[in-house]
Amino acid sequence: MINIVFFAQLREQLKSDGLTLTIATPCTVADVQQAVLKKHPQWRDFLANPALMCALNQDIVPLDAQVLDGNEVAFFPPVTGG
Amino acid sequence: MTLSSPYDFLSVQEADFDVAHEYAQLRDHNSQDGAIVFFSGLVRDFNQGSDVTGLFLEHYPAMTEKALAGIITQAKQRWPLSRVRLIHRVGQLQLAEQIVFVGVSSSHREAAFEACHFIMDYLKKQAPFWKKETTRQGPRWVETLKKDEEALHKWQQDDPKHS
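Residue numbers (the working numbering), protein chains in the order written: chain A, 367 to 448; chain B, 3 to 165.
Now the structure itself:
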């Protein structure tokens, strides 16, 4: 089971703050993204945006980072704090 | 990740902060440091072409403190800093309110200036905060700026580990 969370503008666009998915692991963050899109194809315009950032277990990672069962994967727009 | 020194302080909070208190915490019982540099960021009334009337700061609670602690650790690896204090507010903020405080103490001013600047530049690109402004034209998410990206690259190029 992978816990997937969305934040900020992406959360509003998807009208969802996240979901859990059971997928074969180990896989990559990109695989998780594709699995979400398979379940929610209407999210493609927003979730397939190459400008999005992703985090794995609360660390910023590239799309090819390895995901294990029980991990948390986050997708969000570029950060704008400070 | 947690802070390694009891003199360092990190807080993500809705409440306002008192710069005088933060400065005193950097200075009190500290005879080894010759320099304190701090930065405070405020909500301003004009941004990216619109009149701003307020701001909501969203964050990723499980990640925020971990990301900020990591930035403090990186700064302490690059410069000899005795004390680092970092506060970032979240939630609803009004015009002219304080958003962020970064304060550092060091034996020398160059290290203090650079480290304070570094922490702010990294925070802007790597800590999971998002600003949603309320404007006279309606609410809108603040867009990331190219100059923030360039600021981060500058530090990476200046770092001997990256060259």
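Positions of the beta carbon are idealized from the N, C-alpha and C atoms, including for glycine.
Treat the numbers as computed from the prediction; the structure is a model and nothing was measured.
Segment limits, alpha helix (DSSP H) that includes residue i
| i | result |
| --- | --- |
| aspartate 10 of chain B | Careful: aspartate 10 of chain B lies outside any alpha helix (DSSP H) and carries neither H nor E. |
| glutamine 100 of chain B | Glutamine 100 of chain B -> not in any alpha helix (DSSP H); beta strand (DSSP E) instead, spanning 100-108. |
DSSP-derived helix/strand/coil call for residue i
| i | result |
| --- | --- |
| isoleucine 121 of chain B | helix |
| glycine 436 of chain A | coil |
| glutamine 424 of chain A | coil |
| threonine 146 of chain B | coil |
| proline 407 of chain A | helix |
| serine 165 of chain B | At serine 165 of chain B the pLDDT is 42, less than 50, meaning the model places this residue with poor confidence and gives no usable figure here. |
| threonine 75 of chain B | helix |
| methionine 367 of chain A | coil |
| phenylalanine 412 of chain A | helix |
| proline 63 of chain B | helix |
| alanine 396 of chain A | helix |
| aspartate 53 of chain B | strand |
| glycine 37 of chain B | Here residue 37 of chain B is alanine; the residue named in the question, glycine, does not match the sequence. Of the three classes helix, strand and coil, the one that applies to alanine 37 of chain B here is strand, per DSSP. |
| histidine 31 of chain B | coil |
Integer-rounded CB distance, given that residue j should sit under 8 Å from residue i
| i | j | result |
| --- | --- | --- |
| lysine 134 of chain B | phenylalanine 58 of chain B | 5 Å |
| methionine 122 of chain B | glycine 384 of chain A | No, methionine 122 of chain B and glycine 384 of chain A are not in contact; Cβ-Cβ is about 30 Å, not under 8 Å. |
| valine 39 of chain B | alanine 129 of chain B | Incorrect: roughly 19 Å between the Cβ atoms, too far for contact. |
| isoleucine 389 of chain A | asparagine 437 of chain A | Going by Cβ atoms, the distance from isoleucine 389 of chain A to asparagine 437 of chain A rounds to 11 Å, so no, they are not a contact pair. |
Residue i classed as buried or exposed, judged by whether at least 16 other C-beta atoms fall within 10 angstroms
| i | result |
| --- | --- |
| glutamine 375 of chain A | buried |
| glutamine 96 of chain B | exposed |
| serine 108 of chain B | buried |
| alanine 69 of chain B | buried |
| glutamine 432 of chain A | exposed |
| valine 14 of chain B | buried |
| phenylalanine 48 of chain B | exposed |
| leucine 28 of chain B | buried |
| glutamine 79 of chain B | exposed |
| valine 54 of chain B | buried |
| arginine 46 of chain B | exposed |
| serine 165 of chain B | At serine 165 of chain B, the pLDDT of 42 sits below 50, so the modelled position is not reliable; the number obtained from the coordinates is stated separately. Classification of serine 165 of chain B: exposed, given that the 10 Å Cβ count is below 16. |
Interface partners of residue i on chain B, CB under 9 Å
| i | result |
| --- | --- |
| isoleucine 370 of chain A | Those do not exist, as isoleucine 370 of chain A stays about 13 Å from chain B at its closest Cβ, beyond 9 Å. |
| phenylalanine 373 of chain A | Glu60, His61, Tyr62, Pro130, Trp132 |
| glutamine 424 of chain A | Tyr62, Ala64, Met65, Thr66, Lys68, Ala69, Pro130 |
Under 9 Å from the C-beta of residue i: neighbouring residues of chain A
| i | result |
| --- | --- |
| glutamate 24 of chain B | Here the premise fails: no neighbours, minimum Cβ distance about 17 Å. |
| histidine 90 of chain B | Gly447, Gly448 |
| tryptophan 143 of chain B | Ala374, Gln375, Glu378, Pro443, Thr446 |
Contact list for residue i against chain B, beta-carbon separation under 8 Å
| i | result |
| --- | --- |
| phenylalanine 442 of chain A | Tyr62, Pro130, Trp132 |
Chain-ordered neighbours of residue i on chain A, where CB pairs are closer than 8 Å
| i | result |
| --- | --- |
| leucine 125 of chain B | Gly447, Gly448 |
| valine 102 of chain B | Gly447, Gly448 |
Where residue i meets chain B, residues with beta-carbon distance less than 7 Å
| i | result |
| --- | --- |
| glutamine 408 of chain A | What glutamine 408 of chain A touches in chain B: nothing, since even the nearest Cβ is about 21 Å away. |
| alanine 431 of chain A | What alanine 431 of chain A touches in chain B: nothing, since even the nearest Cβ is about 15 Å away. |
Contacts that residue i makes with chain A (C-beta to C-beta distance below 7 Å)
| i | result |
| --- | --- |
| threonine 146 of chain B | Pro444, Thr446 |
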